[in-house]
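Structure record follows, encoded as structure tokens.
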Amino acid sequence: MPKLVRKGCKLVGCGSAVPSLSVSNDDLSKIVDTSDEWISVRTGIRNRRVMSGKESLKKLAVEAAQKALEMADFDPNDLDLILMCTSTPEDIFGSAPQIQRELGCRNSPLAYDITAACSGFVLGLISAASHIRGGGFRNVLVIGADGLSRFVDWTDRGTCILFGDAAGAVLVQACDAEEDGLLSFDLHSDGEGGRHLGAPINDNETDELLGSNGSALDFPPKKSSYSCIQMNGKEVFRFAVRCVPQSIESALEKAGLVSGNVDWLLLHQANQRIIDAVATRLDFPQEKVISNLANYGNTSAASIPLALDEAIRSGKVKPGHTIAAAGFGAGLTWGSAIIRWG
Amino acid sequence: MANASGFFTPSVPRLRSKIQPSIGVSRSGFCFSGGISRRVVCSSAIEGAEKHVSPSESRMPKLVRKGCKLVGCGSAVPSLSVSNDDLSKIVDTSDEWISVRTGIRNRRVMSGKESLKKLAVEAAQKALEMADFDPNDLDLILMCTSTPEDIFGSAPQIQRELGCRNSPLAYDITAACSGFVLGLISAASHIRGGGFRNVLVIGADGLSRFVDWTDRGTCILFGDAAGAVLVQACDAEEDGLLSFDLHSDGEGGRHLGAPINDNETDELLGSNGSALDFPPKKSSYSCIQMNGKEVFRFAVRCVPQSIESALEKAGLVSGNVDWLLLHQANQRIIDAVATRLDFPQEKVISNLANYGNTSAASIPLALDEAIRSGKVKPGHTIAAAGFGAGLTWGSAIIRWG
């Protein structure tokens, strides 16, 4: 007889990986007009990792995933879903199936990409939870990975100082409701703010040369490509500082919690001043705030699992700890989740 | 534990009671005993992004059966139609060669001021219109595409153009030509397990922008389009997603893709850390590359298996299904799959002669035309299947309206 039970999901393993090449602020000051002091004071970033040589986003994602599976003592053949949260896949058709292949999954689990910029990982966690609670999935690997260095204008000192490459992964498993590790969430998008941050497609020039539609000269179209990342830093900062605290408060309320119940604040690692402002607004003391962007910069969808992984492996975050996690970025899209580790 | 073998409505004759291994079961949703009112903990009622539940309600576990129904459909295509004869002027091919081997006669290609965003918005608006639904009540927009107009995704821009005032979450899903089926299953999961209630699923692609128009092996195949379906939460009796079956196999990835072109620096230098590797050159994506023969063999092998699996999970056979709606890639694939599943021609939906392979848009585009022409009627059961790059493939047994 079909037994209808409460479904929860728990986070049981975490892993991360970064490229070997570390680029310091001093290194950057040699290629653009900037300085270590300027960058570290305004952003908190001192170093970032950049893919080079034979490195690839796929390899980083696979390494992060394998470490997560190892931590959970879990056989990749038992995965039934792989979510690759990225804005920079290594194929326009997505990177998830290649990661599935490298992990050696023998049971053809579904593997697909989710694109939601720097909110990607939080969105991936919520998607995993939805698929577990409402889709019958049981063992979901959520990977946040981005290679933004490939879409950065390295001559633009306004943006090239900010971004780095990385991958992080978490294994999410179905469980009974008592063990549930996703206590609540709150997710939003606002396309109005899209103009403040993006890397839009460069359509071929034909569009501008000709009239509206159907002119024979429009065909065949020239190949499209994506422009480098463009950002209005001031507007993005204001958006983050305004929307993220609201979202976390909303998630806390839905979970029936207050910030005092939460052990750690784990924000998308974009800028230390954003992190500080949000922590202050929510009354989180500094010692409860997770931050590693000094070493890695803004790694987009990888930033949250990368910081989480370091905090777990260093012993800070322990099983049973409650974490308020929030992503925010291009879209604009933002969101938070109250999660329990382990 | 809930045995996932598909939703049942009172009209389905047989109740599955066999417990299946979790892997086989895990992809197809819940099984409810028909007619018995059971309390299911919808944990989403506590934790989800429920906007229509008052704060006090959101803390009381509300235990309801959850289904999802497809209530509106729309589509949009560019105005420029490129015929096989047009193509024969730019590559060495002919109308006969193309139409015999693929079934395609024309395809639409974006031009001038057209954009994928505009097509997606038009399709979405038509779907919302059909359902008489206010875009402000959407709580989730899923844009299924491999060709967004920003690396960070296109969904939020579509949300903006639709005029949604309540900041509903909007994000992109990338799963190539399986994208739309995957989008439907994601919508269902978010409704059944995430507390969402009104989800717009858009399948849209502008593959013409990534096609090598000098390669006669590929440029004859693809076109641009958008399609959309509105999926709403409902009681289990009205459920419109009866079962699904989804897979990926990265081993086959080499047969179809448009990989990133890394800068040449990687090839010139040693393994890691050489100062010359930095800064990296800007990356771009290559044109679509395909081993047509291998992709054909994969589709003809995997799609019938997947549909049979989904039918079994739903407790149905092909005779119970009114329409076969496959990703519109190639008429010979459609014919081979229909034959293998014993679907008579008159039950097979096909419009690729006019539009070519529009990737994630192909299923909702064909569905929309079939609905608006009166073929597909409310209550009809459809076996839908996507397949393509990844490789990823999957099927869903759905009920329209």
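Protein chains in written order, with my numbering: chain B, -14 to 327; chain U, 61 to 461. From the three backbone atoms N, C-alpha and C, an ideal C-beta is built for every residue, glycine too.
Less than 7 angstroms between C-beta atoms, sequence neighbours within five positions excluded: which residues of the same chain meet that for residue i?
| i | result |
| --- | --- |
| threonine 73 (chain B) | Leu42, Asp131, Gly132, Leu133, Arg135, Phe136 |
| glycine 416 (chain U) | Ile164, Arg167, Leu281, Phe282, Gly283 |
| valine 47 (chain B) | Ile84, Glu87, Leu88 |
| arginine 142 (chain B) | Val17, Asp18, Thr19 |
| valine -3 (chain B) | Ala57, Leu156, Gln158, Gly327 |
| isoleucine 186 (chain B) | Ser209, Tyr211 |
Mind reading off the beta-carbon distance from residue i to residue j? Whole number of angstroms is fine, and I expect it under 8 angstroms.
| i | j | result |
| --- | --- | --- |
| valine 261 (chain U) | valine 289 (chain U) | 5 angstroms |
| alanine 311 (chain B) | leucine 252 (chain B) | 5 angstroms |
| alanine 184 (chain U) | isoleucine 218 (chain U) | 7 angstroms |
| isoleucine 150 (chain U) | proline 230 (chain B) | In fact, because the Cβ distance is near 56 angstroms, the residues do not count as touching under 8 angstroms. |
| valine 291 (chain U) | leucine 425 (chain U) | So it is not a contact: roughly 17 angstroms between Cβ atoms. |
| alanine 322 (chain B) | leucine 68 (chain B) | That pair is no contact at about 14 angstroms. |
| serine 174 (chain B) | proline 228 (chain U) | 7 angstroms |
| glycine 100 (chain B) | tyrosine 231 (chain U) | A small correction: the amino acid at residue 100 (chain B) is threonine; glycine does not occupy that position in the sequence shown. Between tyrosine 231 (chain U) and threonine 100 (chain B) the Cβ distance is about 7 angstroms, and since that is below 8 angstroms, they are a contact. |
| serine 308 (chain U) | leucine 427 (chain U) | The pair is not a contact, with the Cβ atoms about 23 angstroms apart (cut-off 8 angstroms). |
| glycine 320 (chain B) | leucine 108 (chain B) | 7 angstroms |
| leucine 259 (chain B) | alanine 225 (chain B) | Checking the displayed sequence, the identity of residue 259 (chain B) turns out to be isoleucine instead of leucine. Confirmed, Cβ separation roughly 5 angstroms. |
| leucine 316 (chain U) | glycine 446 (chain U) | That pair is no contact at about 13 angstroms. |
| isoleucine 233 (chain B) | alanine 309 (chain B) | 5 angstroms |
Please name the residue in the options whose C-alpha comes closest to that of residue i.
| i | options | result |
| --- | --- | --- |
| alanine 292 (chain B) | B:Lys(-5), B:Thr144, B:Gly0 | B:Gly0 |
| leucine 147 (chain U) | U:Trp157, U:Pro438, U:Lys126 | U:Trp157 |
| arginine 332 (chain B) | B:Val221, B:Gly153, B:Ala2 | In the structure as shown, chain B begins at -14 and stops at 327. Residue 332 (chain B) is therefore absent and cannot be evaluated. |
| glycine 253 (chain U) | B:Gly105, B:Ser288, B:Ser115, B:Ala262 | B:Ser115 |
| leucine 539 (chain U) | U:Phe193, U:Pro208, U:Asn196 | The first residue shown for chain U is 61 and the last is 461, placing residue 539 (chain U) beyond what the model contains. |
| glycine -7 (chain B) | B:Arg118, B:Leu237, B:Asp65 | B:Arg118 |
| tyrosine 281 (chain B) | B:Lys219, B:Ser7, B:Lys(-5), B:Phe59 | B:Ser7 |
| alanine 430 (chain U) | U:Gly134, U:Asp194, U:Ile211 | U:Gly134 |
| serine 244 (chain B) | B:Ile260, B:Ala225, B:Val263, B:Asp268 | B:Asp268 |
| lysine 407 (chain U) | U:Ala413, U:Asp395, U:Asn414 | U:Asp395 |
| glycine 461 (chain U) | U:Ala293, U:Glu368, U:Arg314 | U:Ala293 |
| arginine 227 (chain B) | B:Phe313, B:Lys301, B:Ala240 | B:Phe313 |
| aspartate 337 (chain U) | B:Ala2, B:Asp12, B:Leu(-4) | B:Asp12 |
| alanine 50 (chain B) | B:Ile128, B:Trp249, B:Ile214 | B:Ile128 |
| alanine 2 (chain B) | B:Ala53, B:Trp23, B:Asp21 | B:Ala53 |
| aspartate 171 (chain B) | U:Phe193, U:Asn226, U:Val137, U:Gln349 | U:Asn226 |
| leucine 147 (chain B) | B:Gly300, B:Arg33, B:Ser276, B:Glu22 | B:Arg33 |
| alanine 102 (chain B) | B:Lys301, B:Ala255, B:Asp248, B:Thr265 | B:Ala255 |
| glycine 223 (chain U) | U:Val160, U:Ile211, U:Asp194, U:Cys204 | U:Asp194 |
Kindly list the residues whose CB is nearer than 6 angstroms to the CB of residue i, restricted to its own chain and excluding five residues on each side of it in sequence; keep chain order.
| i | result |
| --- | --- |
| serine 197 (chain B) | A caution first: serine 197 (chain B) carries a pLDDT of 45, below 50, which makes its placement in the model unreliable, though a value can still be read off. Cβ within range, chain order: n/a, list empty. |
| serine 421 (chain U) | The question names serine, but residue 421 (chain U) is alanine in the sequence shown. Excluding sequence neighbours, alanine 421 (chain U) sits near Gly263, Ala264, Asp265, Ala285, Ala286, Gly287. |
| isoleucine 297 (chain B) | Cys(-1) |
| methionine 216 (chain B) | Thr144, Leu182 |
Answer yes or no: do residue i and residue j have a C-beta to C-beta separation smaller than 8 angstroms?
| i | j | result |
| --- | --- | --- |
| alanine 279 (chain B) | isoleucine 30 (chain B) | yes |
| serine 48 (chain U) | asparagine 321 (chain U) | Outside the shown range of chain U, which is 61 to 461, sits residue 48 (chain U), and nothing can be said about it. |
| threonine 206 (chain U) | threonine 162 (chain U) | First, the amino acid is wrong: residue 206 (chain U) is serine here, not threonine. No. Outside cutoff. |
| lysine 208 (chain B) | arginine 269 (chain U) | yes |
| aspartate 145 (chain U) | aspartate 152 (chain U) | no |
| leucine 371 (chain U) | isoleucine 458 (chain U) | no |
| arginine 400 (chain U) | proline 438 (chain U) | no |
| isoleucine 423 (chain U) | valine 181 (chain U) | no |
| serine 366 (chain U) | serine 455 (chain U) | yes |
| valine 274 (chain B) | aspartate 150 (chain B) | no |
| valine 397 (chain U) | leucine 386 (chain U) | yes |
| leucine 202 (chain U) | alanine 247 (chain U) | yes |
| leucine 301 (chain U) | leucine 244 (chain U) | yes |
| glycine 132 (chain U) | methionine 170 (chain U) | no |
| alanine 96 (chain B) | glycine 239 (chain U) | no |
| leucine 66 (chain B) | cysteine 90 (chain B) | no |
| isoleucine 289 (chain B) | glycine 153 (chain B) | yes |
| glutamine 271 (chain B) | alanine 264 (chain B) | yes |
Below 8 angstroms CB to CB, which residues in the same chain sit around residue i once its five sequence neighbours on both sides are set aside?
| i | result |
| --- | --- |
| glutamate 324 (chain U) | Below a pLDDT of 50, predicted positions are generally treated as unreliable, and glutamate 324 (chain U), at 46, falls in that range; no measurement from the model is reported. |
| proline 319 (chain U) | Tyr345, Ser346, Gln349 |
Checklist entry - Using a beta-carbon distance cut-off of less than 7 angstroms, what residues from the segment -7 to 10 of chain B approach chain U? => result Gly(-7), Ser5, Leu6, Val8
Item to check | Contact set between the segment 22 to 35 of chain B and chain U, restricted to residues whose Cβ is under 8 angstroms from the partner | outcome: Val35
Item to check | Interface residues of the segment 189 to 220 of chain U facing chain B [CB-CB below 8 angstroms] | outcome: Of all residues in the segment 189 to 220 of chain U, Ile201, Ser206, Thr207, Pro208, Glu209, Asp210, Ile211, Phe212, Gly213, Ala215, Pro216, Gln217, Ile218, Gln219, Arg220 have a Cβ within less than 8 angstroms of some Cβ in chain B.
Checklist entry - Listed in chain order, which residues of the segment 229 to 253 of chain U have Cβ atoms closer than 9 angstroms to some Cβ of chain B? => result Leu229, Ala230, Tyr231, Asp232, Ile233, Thr234, Ala235, Ala236, Cys237, Ser238, Gly239, Leu242, Ile245, Ser246, Ala248, Ser249, His250, Ile251, Arg252, Gly253
Next on the checklist: Residues of the segment 169 to 188 of chain B in Cβ contact with chain U at a cutoff of 9 angstroms, in chain order, please.
Outcome noted: Ser169, Phe170, Asp171, Leu172, His173, Ser174, Asp175, Gly176, Glu177, Gly178, Gly179, Leu182, Gly183, Ala184, Pro185, Ile186, Asp188
Item to check | Contacting positions in the segment 201 to 233 of chain B - beta carbon closer than 7 angstroms to chain U | outcome: Those would be Asp203, Phe204, Pro205, Pro206, Lys208, Ser209, Ser210, Tyr211, Cys213, in chain order.
Checklist entry - Residues in the segment 96 to 120 of chain B with C-beta within 9 angstroms of chain U's C-beta atoms, listed in sequence order? => result Ala96, Tyr97, Asp98, Ile99, Thr100, Ala101, Ala102, Cys103, Ser104, Gly105, Leu108, Ile111, Ser112, Ala114, Ser115, His116, Ile117, Arg118, Gly119, Gly120
Next on the checklist: At a CB distance below 7 angstroms, what residues from the segment 132 to 148 of chain B approach chain U? Give them in sequence order.
Outcome noted: Taking 7 angstroms as the Cβ-Cβ cut-off against chain U, the residues of the segment 132 to 148 of chain B that qualify are Ser134, Arg135, Phe136, Trp139.
Next on the checklist: Against chain B, which members of the segment 261 to 291 of chain U pass a CB distance test of less than 7 angstroms?
Outcome noted: Ser268, Arg269, Phe270, Trp273
Checklist entry - Which residues, in order along the segment 412 to 437 of chain U, keep a beta-carbon less than 7 angstroms from a beta-carbon of chain B? => result Under the 7 angstroms Cβ criterion, the segment 412 to 437 of chain U contributes no residue.
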